[in-house]
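>
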DNA sequence: TTGACATGCAACCAAATGGTTGCATATTGA
DNA sequence: TCAATATGCAACCATTTGGTTGCATGTCAA
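Chains as they are written, first to last, in this note's numbering: chain A, 596 to 702; chain B, 596 to 702.
Below is the structure:
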């Protein structure tokens, strides 16, 4: 569990991988082929990124016939959050976040 | 704000930098010299890491005379959290986290 | 003023990273 | 069966990264 921590952070460090997570957050169960669309890199590169994300447990996958369906797993993200934001900070920081959001929407 | 996002994730990707954040979380206002203690690398390497963290806005610093005091800034971490964990997942995932903690403490 | 202490800056190097190309394997449908 | 489709695996390469050494700058105290 602790040994995997580094994998999670390394996985999140790349912009392409974060974009893949974003897409899986809005819609789960996408195949490798589908995830390739909209990324200007080779299929092999995307597959590498997905393998990275799976190794970090940020993505889980199910093989169905010749396709592989991918899903986002939010648990490791929550663990990061808990690590550096204490119980007291949590409310303050979330309030600040909501304030910033509100200001953004006013513009 | 969006342009800095990559810096935050890259900054968190290194184990030494995360350890520095951990130390600043338990006690703020440490100098470069103090932060060097307990890390088996040169002062220059630690300074590089701190510069990295400052560039990502995860650490803020104040210069006082010949020393420089460092503090943790929790805001960027909160932003990561908000990005991938929706309102609904939030309660479930935190409940799961608390359950895991409780099980750990029982052992 | 001057030496000691705390930090800043730059060049350099080995290893990891992100991407490519090429080929192999496995499943589906006609 | 056999061609098309979806994915897997491996070798290779340019760039980034994390660390080093060496030297410069700035501040405190005697």
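We put the CB at the ideal spot given by N, CA and C, even for glycine.
From residue 641 of chain B to residue 631 of chain B, what does the alpha carbon distance come to, in whole angstroms?
Here residue 641 of chain B is taken as the residue at index 46 of the second chain, counted from 1. Here residue 631 of chain B is taken as the residue at index 36 of the second chain, counted from 1. Note on geometry: alpha-carbon atoms of residue 641 of chain B and residue 631 of chain B lie some 6 Å from one another.
> What does residue 608 of chain A touch in chain B if you count any residue whose Cβ is under 7 Å from its own?
For this step, residue 608 of chain A is matched to residue 13 along the first chain. 604, 605 and 608, listed in chain order.
> Hey, does residue 666 of chain B have any beta-carbon neighbour from chain A nearer than 7 Å?
The residue given as residue 666 of chain B occupies position 71 in the second chain. Cβ-Cβ to chain A under 7 Å: no for residue 666 of chain B.
> With the cut-off set at 7 Å, would you say residue 664 of chain A and residue 624 of chain A are in Cβ contact?
Here residue 664 of chain A is taken as the residue at index 69 of the first chain, counted from 1. Here residue 624 of chain A is taken as the residue at index 29 of the first chain, counted from 1. Annotated as proximal: residue 664 of chain A and residue 624 of chain A, with beta-carbon spacing under 7 Å.
> On the premise that residue 648 of chain A lies in contact with residue 606 of chain A, defined as a C-beta separation below 8 Å, what is that separation, rounded to the nearest angstrom?
Taking the first chain and counting its residues from 1, one reaches residue 606 of chain A at position 11. Taking the first chain and counting its residues from 1, one reaches residue 648 of chain A at position 53. Contact holds; Cβ gap of about 5 Å.
> For a cutoff of 7 Å on Cβ pairs, would you count residue 684 of chain B as touching chain A?
For the purposes of this step, residue 684 of chain B is taken as the residue at position 89 of the second chain. True, the Cβ-Cβ gap to chain A drops below 7 Å.
> Among A:626, A:604, A:612 and A:617, whose alpha-carbon lies nearest the alpha-carbon of residue 658 of chain A?
To locate residue 658 of chain A, count along the first chain from 1; it is residue 63. Residue 658 of chain A has its Cα closest to that of A:626, out of A:626, A:604, A:612 and A:617.
> Could you check if residue 638 of chain A is buried or exposed, using at least 16 other CB atoms within 10 Å of its CB as the buried criterion?
Position 43 of the first chain, counted from the first residue, corresponds to residue 638 of chain A. So residue 638 of chain A ends up on the exposed side.
> For residue 639 of chain B, does the three-state DSSP call read helix, strand or coil?
The count along the second chain starts at 1 and reaches residue 639 of chain B at position 44. The answer is helix: DSSP assigns residue 639 of chain B an H, G or I state.
> Determine, using beta carbons only, whether residue 620 of chain A and residue 644 of chain A come nearer to each other than 7 Å.
Your numbering for residue 620 of chain A matches position 25 in the first chain. Your numbering for residue 644 of chain A matches position 49 in the first chain. Their beta carbons are not under 7 Å apart, which means residue 620 of chain A does not touch residue 644 of chain A by this criterion.
> Can you give me the C-alpha to C-alpha distance between residue 667 of chain B and residue 609 of chain B, rounded to a whole angstrom?
The residue given as residue 667 of chain B occupies position 72 in the second chain. The residue given as residue 609 of chain B occupies position 14 in the second chain. Each residue's alpha carbon lies about 16 Å from the other.
> Please list the terminal residues of the continuous alpha helix (DSSP H) segment that includes residue 630 of chain A.
In the first chain, the residue the question calls residue 630 of chain A occupies position 35. Start and end: 627-631.
> Going by other Cβ atoms of all chains shown within 10 Å of its Cβ, with 16 needed for buried, is residue 694 of chain A buried or exposed?
The count along the first chain starts at 1 and reaches residue 694 of chain A at position 99. Exposed, by the Cβ-count rule.
> Is residue 647 of chain B close to chain A? Criterion is C-beta to C-beta, closer than 7 Å.
By 1-based counting over the second chain, the position of residue 647 of chain B is 52. Chain A, which has no Cβ nearer than 7 Å to the Cβ of residue 647 of chain B, makes this no.
> Of all the options A:662, A:600 and A:614, which has the alpha carbon lying nearest to the alpha carbon of residue 679 of chain B?
Counting from 1 along the second chain, the entry for residue 679 of chain B is found at position 84. It is A:614 whose Cα lies nearest to the Cα of residue 679 of chain B.
> Considering Cα atoms alone, identify which of A:674, A:622 and A:692 is closest to residue 687 of chain B.
Indexing the second chain from 1 puts residue 687 of chain B at position 92. Minimum Cα distance to residue 687 of chain B is reached at A:674.
> Evaluate residue 654 of chain B with the Cβ neighbour count: other Cβ atoms within 10 Å of its Cβ, from every protein chain shown; 16 or more gives buried, anything less gives exposed.
Stepping through the second chain from its first residue, residue 654 of chain B is reached at position 59. The residue in question, residue 654 of chain B, is buried, as its Cβ has 16 or more Cβ neighbours within 10 Å.
> How many Å lie between residue 661 of chain B and residue 617 of chain B at the Cα?
For the purposes of this step, residue 661 of chain B is taken as the residue at position 66 of the second chain. For the purposes of this step, residue 617 of chain B is taken as the residue at position 22 of the second chain. Distance between the alpha carbons of residue 661 of chain B and residue 617 of chain B is about 24 Å.
> Check the Cβ-Cβ distances between residue 719 of chain A and every residue of chain B, and say whether any is below 7 Å.
Chain A is shown only over 596 to 702; residue 719 of chain A falls outside these bounds and no answer can be derived.
> Cβ of residue 624 of chain A less than 7 Å from any chain B Cβ?
Taking the first chain and counting its residues from 1, the one referred to as residue 624 of chain A is at position 29. Judged by the 7 Å Cβ criterion, residue 624 of chain A is not in contact with chain B.
> Are there 16 or more other CB atoms within 10 angstroms of the CB of residue 651 of chain A, so buried, or fewer, so exposed?
Translated into the one-based positions of the first chain, residue 651 of chain A becomes position 56. Classification of residue 651 of chain A: buried, given that the 10 Å Cβ count is 16 or more.
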